[in-house]
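Enquirer:
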Amino acid sequence: MTRVLVVDDEPQIVRALRINLRARGYEVDAAPDGRTALELAARHRPDVVLLDLGLPDLDGGEVIAGLRGWLTAPIIVLSARHASAEKVAALDAGADDYVTKPFGMDELLARLRAAVRRAAPAEEGPVVVTPEFTVDLAARKVVRDGAEVRLTPTEWHVLEVLVRNAGRLVGQRQLLREVWGPSYEKETNYLRVYLAGLRRKLEPDPAHPRHLITEPGMGYRFEAPGG
């Protein structure tokens, strides 16, 4: 059963969501504020989060940052804030989708289903193949020239985030947040050190990487040309 965490301080919205979600077979937890949301998420590990930005104690962006330090589940923001800057900030903080209040229940449920589908693991763990090495996300290993490459847990975590976002730019702050947690978002030197280590182990020419690409001042991107 898919578990949904609803975070909103408006009782009527929580009630409507609870009724509609339970009627469709979802398990529902509800939190009226950010701190309760973080506690419930840690206790029950939701599969998807519906989050209002205007909470009485914490800003929604703070809650997203707190969750994204360790939770990979989709976060769908529900907010009466219409400004595009608010949406961009929420998405940059780690939200996966943004629904403006007032919203239609059918649309919200469709977006929730889509988010859950995107987040669902494949039946067989995905294997990403490049001409030089193979990344097996399910087995959590990398093979090069027929032998397993020894990676530290942190190296693996960095590589995993990049591979799961293959072809897309992963911002420096996002990568730091996902690997080390929200309190490390400014430690960009960590990324330089670990990317250099991964390139030494995986790239045929570490000085001219083909797969672990730096976008100066922005972040990193994994490419698998020829795989």
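Quick note on the working numbering: the sequence shown kicks off at -16 and runs consecutively.
Quick reminder that beta carbons are idealized off the backbone N, C-alpha and C, glycines included.
Looking at the unbroken beta strand (DSSP E) that takes in G202, where does it start and where does it end?
Expert: Counting along the chain, the beta strand (DSSP E) containing G202 begins and ends at 202 to 205.
Enquirer: Are there three or more Cβ pairs, one per stretch, closer than 8 Å when the region 41 to 59 is compared with the region 12 to 26?
Expert: Verdict: yes, contact present.
Enquirer: Along the chain, which unbroken stretches of the beta strand (DSSP E) at least 3 residues long are found entirely within the region 8 to 57?
Expert: If we require 3 residues or more, the beta strand (DSSP E) runs fully inside the region 8 to 57 come out as 10 to 14, 31 to 35.
Enquirer: Thinking C-beta only, is D12 closer than 8 Å to P39?
Expert: Taking 8 Å as the Cβ cut-off, P39 and D12 do not qualify as a contacting pair.
Enquirer: Assuming L36 contacts G43 (C-beta within less than 8 Å), just tell me the rounded distance between them.
Expert: That belief holds up - the Cβ atoms of L36 and G43 are roughly 3 Å apart, short of 8 Å.
Enquirer: The alpha helix (DSSP H) that contains L95, what's its start and end?
Expert: 88 to 102 is the span of the alpha helix (DSSP H), which, as asked, contains L95.
Enquirer: Pull up the CB-CB distance for L195 and L174, whole angstroms please, since I reckon it's below 8 Å.
Expert: L195 to L174, Cβ: 11 Å. No contact.
Enquirer: Quick check on E106: does DSSP put it in helix, strand or coil?
Expert: Note on E106: pLDDT 43, under 50, position unreliable in the model; no value is reported.
Enquirer: Just confirm the distance between the C-beta atoms of L61 and L34, as a whole number of angstroms; I'd bet it's less than 8 Å.
Expert: Confirmed, about 7 Å.
Enquirer: At the level of alpha carbons, what is the spacing between E131 and R(-2)?
Expert: Computed Cα separation, rounded: 52 Å.
Enquirer: Given a threshold of 16 other Cβ atoms within 10 Å of its Cβ, counted over all protein chains shown, does G17 qualify as buried or as exposed?
Expert: Buried, because 16 or more other Cβ atoms sit within 10 Å of the Cβ of G17.
Enquirer: Quick one: is E138 buried, meaning 16 or more other Cβ sit within 10 Å of its Cβ, or exposed?
Expert: Classification of E138: buried, given that the 10 Å Cβ count is 16 or more.
Enquirer: Which whole-angstrom value describes the C-beta separation of F205 and V126, a residue pair presumed to lie in contact below a C-beta threshold of 8 Å?
Expert: Contact doesn't hold; Cβ gap of about 16 Å is too wide.
Enquirer: DSSP three-state call for R127: helix, strand or coil?
Expert: R127: strand per DSSP, three-state reduction.
Enquirer: Given that a residue counts as buried once 16 or more other Cβ atoms are within 10 Å of its Cβ, and exposed if not, what is P114?
Expert: When all chains shown are included, P114 counts as exposed.
Enquirer: So E168 and L159 are supposed to be a Cβ contact under 8 Å. How far apart are they, rounded?
Expert: With a Cβ gap of about 5 Å, E168 and L159 count as contacting.
Enquirer: Thinking C-alpha only, which one of V(-13), G202, A207, L74 is nearest L91?
Expert: That would be V(-13), whose Cα lies nearest to the Cα of L91.
Enquirer: From what residue to what residue does the beta strand (DSSP E) around E198 run?
Expert: Start and end: 195 to 198.
Enquirer: Run through the region 59 to 83 for me and flag every whole beta strand (DSSP E) of 3 or more residues, listed as ranges in chain order.
Expert: Fully enclosed beta strand (DSSP E) runs of 3 or longer: 80 to 83.
Enquirer: With DSSP as the reference, label L142 as helix, strand or coil.
Expert: Looking at L142 - three-state DSSP - the assignment turns out to be helix.
Enquirer: Flag V82 as yes if its beta-carbon sits less than 8 Å from any beta-carbon of chain C, otherwise no.
Expert: Considering every chain present, this structure includes no chain C. It has just one protein chain.
Enquirer: With distances taken from CA atoms, which of H140, A48, G150, N3 is nearest A73?
Expert: Answer by Cα proximity: A48.
Enquirer: Let me make sure I understand the geometry here. Which of P199, G164, R100 has the alpha-carbon closest to that of L152?
Expert: Ranking the options by Cα distance to L152, first place goes to P199.
Enquirer: In terms of DSSP beta bridges, what is L(-12) paired with?
Expert: DSSP lists D12, V32 as partners of L(-12).
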